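A.B. asks:
Numbering (the working numbering), first residue to last: 6 to 506.
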């Protein structure tokens, strides 16, 4: 098989225009931020999903330690399908018991999976005619695949069986097979490549595009989203299979189901994260992004759960990180700017706020008209509030947009500089190199662009403000920052400047 075409390089946007130091600083944090946003909060929505016990089942059944004697009993029950020694119900009881205990497997059970014949026994049920046994064995495989790598990789040889069930007439088997494949795809690049080699893309994409069952659609989207995660070698195939168009069609069909919209939005979030310029245009051309914006606005208005907002806002941020033309397309979209502002000003979810701030920083790194649109929507007071009151991770996100508003938008005089300058001075004192650069750059901007020496006067009014700059010359390891600070001190606080005063 021929190698796929090389993937385009990451799409970086220019963050800062020309500075007094004569340097262009480009927006280099896209990949890093994407990695950070995939941590704890994303695991709630993506990554792996256990198949939990039914509500009516005992909550205490799996609380005791699984022992070697338990393994013997499980093996005896699982062998019923081969030797037909005891009743079918005993086999189902064994499968159900095993699946429940696999939610939090003990060391003995882990050994049974990784070193014993657990997987061999489970896969034999695929050749039986009993759908209930197949479903319970799939339940077991799903939970094994949801565990750590050494256990999950044991399920990979079952991929052909799982794929064959995606076209089953039994909806429960279809759903559970897609669920297990989704867990395997979340395991990492090696697992995804193995699944791709087994031909997983076509049947999964077909299932996403054809199913009329809400539960199956959600699970199929979960699996496809995990397959779309980078790194992988087959990303372009997802577009060749028309996945964006199929997802857009299903979004229109299921737009009244918030659960379906959320899972469909995750597909777009992962597609947009790694797409080329042409592929982003293809996503925009489906018309689905407007539907997602309106759906998210309804969620914000109703003050519902924040979970549906995260994949939508991330999709918008990934598209806004594209070309200026693509960013402007979003800004012109009905409700887009208002959605970002609402997520920043009124949401109680820190995760949503951070996603919206990241998207806003990409928008404000675009054209002046786009910057004007978000400023005119009233976002500046909320950015100032975040700079003053939030933790440093959110402060940094807000600072990117404020810098863009000042530089690209040319609206430094419209900012509440009396409130902002003390905060950016604190940035300059921090141990975070990026925050230090942002602090110095903001000070340079107000010095250069505020009239009548107002910038230097603002810094003089802050206790320790000038000392913070002078200290950077001695402590910073960044040559560009040191050079810029030296220029600022010489130009505005040197002997010649003082003599002019």
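Note that CB positions come from ideal geometry on N, CA and C, so glycine has one too. Quick caveat, the model's predicted, so the values are computed rather than measured.
Would residue 274 and residue 237 be called neighbours here (beta carbons separated by less than 8 Å)?
C.D. replies: The count along the chain shown starts at 1 and reaches residue 274 at position 269. The count along the chain shown starts at 1 and reaches residue 237 at position 232. Their beta carbons are not under 8 Å apart, which means residue 274 does not touch residue 237 by this criterion.
A.B. asks: Leaving out five residues before and five after residue 338 in sequence, what residues of the same chain have Cβ atoms less than 8 Å from its Cβ?
C.D. replies: Numbered from its first residue, the chain shown carries residue 338 at position 333. Correct list, in chain order: 294, 295, 298.
A.B. asks: If you run the structure through DSSP and keep just helix, strand and coil, what is residue 246?
C.D. replies: Locating residue 246 in the chain shown gives position 241, counting from the first residue. If DSSP states are grouped into helix, strand and coil, residue 246 belongs with coil.
A.B. asks: Roughly how many angstroms lie between the CA atoms of residue 414 and residue 373, to the nearest whole one?
C.D. replies: The residue given as residue 414 occupies position 409 in the chain shown. The residue given as residue 373 occupies position 368 in the chain shown. Spanning the two alpha carbons is a distance of roughly 5 Å.
A.B. asks: By the three-class DSSP mapping on this structure, what secondary structure does residue 231 have?
C.D. replies: For the purposes of this step, residue 231 is identified with residue 226 of the chain shown, where counting begins at 1. DSSP places residue 231 in helix when its eight states are reduced to three.
A.B. asks: So, do the stretch 256-269 and the stretch 277-289 have three or more beta carbon pairs nearer to each other than 8 Å?
C.D. replies: Output reads no: the stretch 277-289 does not touch the stretch 256-269.
A.B. asks: According to the neighbour-count rule (16 or more other Cβ atoms, all chains shown, within 10 Å of its Cβ), is residue 461 buried or exposed?
C.D. replies: Within the chain shown, numbered from 1, the residue matching residue 461 stands at position 456. Buried is the call here.
A.B. asks: With hydrogens ignored, establish whether the beta-carbon of residue 331 is closer than 7 Å to any heavy atom of the ligand FMN.
C.D. replies: As for the ligand FMN, it is missing from this structure, which has no ligand bound.
A.B. asks: Assign residue 383 to one of three DSSP states: helix, strand, or coil.
C.D. replies: Taking the first residue of the chain shown as 1, we reach residue 383 at position 378. Residue 383 falls in the coil class under three-state DSSP.
A.B. asks: Just verifying my parser: in three-state terms, what is the DSSP assignment at residue 395?
C.D. replies: Sequence index remark: in the chain shown, residue 395 carries index 390 (1-based). In the structure shown, residue 395 sits in coil (DSSP, three-state: anything other than H, G, I, E or B).
A.B. asks: Using only CA atoms, which one of 126, 96, 165, 445 lies nearest to residue 483?
C.D. replies: Numbered from its first residue, the chain shown carries residue 483 at position 478. Minimum Cα distance to residue 483 is reached at 445.
A.B. asks: What are the boundary residues of the alpha helix (DSSP H) that residue 179 is part of?
C.D. replies: Counted from its first residue, the chain shown places residue 179 at position 174. From DSSP, the alpha helix (DSSP H) with residue 179 extends over 176-190.
A.B. asks: What's the call for residue 497, buried or exposed, on a 16-neighbour Cβ count within 10 Å?
C.D. replies: In the chain shown, counting from the first residue as 1, residue 497 sits at position 492. The residue in question, residue 497, is buried, as its Cβ has 16 or more Cβ neighbours within 10 Å.
A.B. asks: Of all the alpha helix (DSSP H) runs that stay within the bounds of the stretch 108-133, which reach a length of 4 or more residues?
C.D. replies: You should have 112-119, 123-128.
A.B. asks: For residue 229, which residues of its own chain have a beta-carbon under 6 Å away from its beta-carbon, when the five flanking residues on both sides are left out?
C.D. replies: Counted from its first residue, the chain shown places residue 229 at position 224. So the list reads 209, 213, 272, once near-sequence residues are dropped.
A.B. asks: In angstroms, rounded to a whole number, what distance separates the CA positions of residue 79 and residue 129?
C.D. replies: Counting from 1 along the chain shown, the entry for residue 79 is found at position 74. Counting from 1 along the chain shown, the entry for residue 129 is found at position 124. One C-alpha to the other measures close to 15 Å.
A.B. asks: Kindly give me the distance between the Cβ atoms of residue 277 and residue 315, rounded to whole angstroms, as I take these residues to be in contact under 8 Å.
C.D. replies: Here residue 277 corresponds to residue number 272 of the chain shown, with the count starting at 1. Here residue 315 corresponds to residue number 310 of the chain shown, with the count starting at 1. In fact, because the Cβ distance is near 14 Å, the residues do not count as touching under 8 Å.
A.B. asks: For residue 435, collect the residues of the same chain with a Cβ closer than 8 Å to its Cβ; drop the 5 residues on either side in sequence, then sort them by chain order.
C.D. replies: By 1-based counting over the chain shown, the position of residue 435 is 430. The residues are 397, 441, 444.
A.B. asks: Which term fits residue 478, buried or exposed, when burial requires 16 or more other beta carbons within 10 angstroms of its beta carbon?
C.D. replies: Against the chain shown, residue 478 aligns to sequence position 473. Exposed is the call here.
A.B. asks: For residue 315, which of helix, strand or coil comes out of DSSP?
C.D. replies: Reading the chain shown from its first residue, position 310 is the one you call residue 315. Correct three-state label for residue 315: helix.
A.B. asks: Ends of the alpha helix (DSSP H) at residue 341?
C.D. replies: Translated into the one-based positions of the chain shown, residue 341 becomes position 336. Taken as a continuous stretch (DSSP letters only), the alpha helix (DSSP H) holding residue 341 covers 341-350.
A.B. asks: Looking at residue 421 and residue 467, is the spacing between their C-beta atoms short of 8 Å?
C.D. replies: Within the chain shown, residue 467 is the residue found at index 462, counting from 1. Within the chain shown, residue 421 is the residue found at index 416, counting from 1. Not in contact: residue 467 and residue 421 (Cβ atoms no closer than 8 Å).
A.B. asks: Which residue marks the beginning of the alpha helix (DSSP H) containing residue 416, and which one marks its end?
C.D. replies: Taking the chain shown and counting its residues from 1, the one referred to as residue 416 is at position 411. It is not in any alpha helix (DSSP H) - residue 416 carries neither H nor E in the DSSP assignment.
A.B. asks: Using C-beta distances below 7 Å, list every residue in its chain close to residue 347, excluding the 5 sequence neighbours before and after it, in chain order.
C.D. replies: Taking the first residue of the chain shown as position 1, residue 347 is located at position 342. Closer than 7 Å at the Cβ level, and outside the excluded window around residue 347, lie 305.
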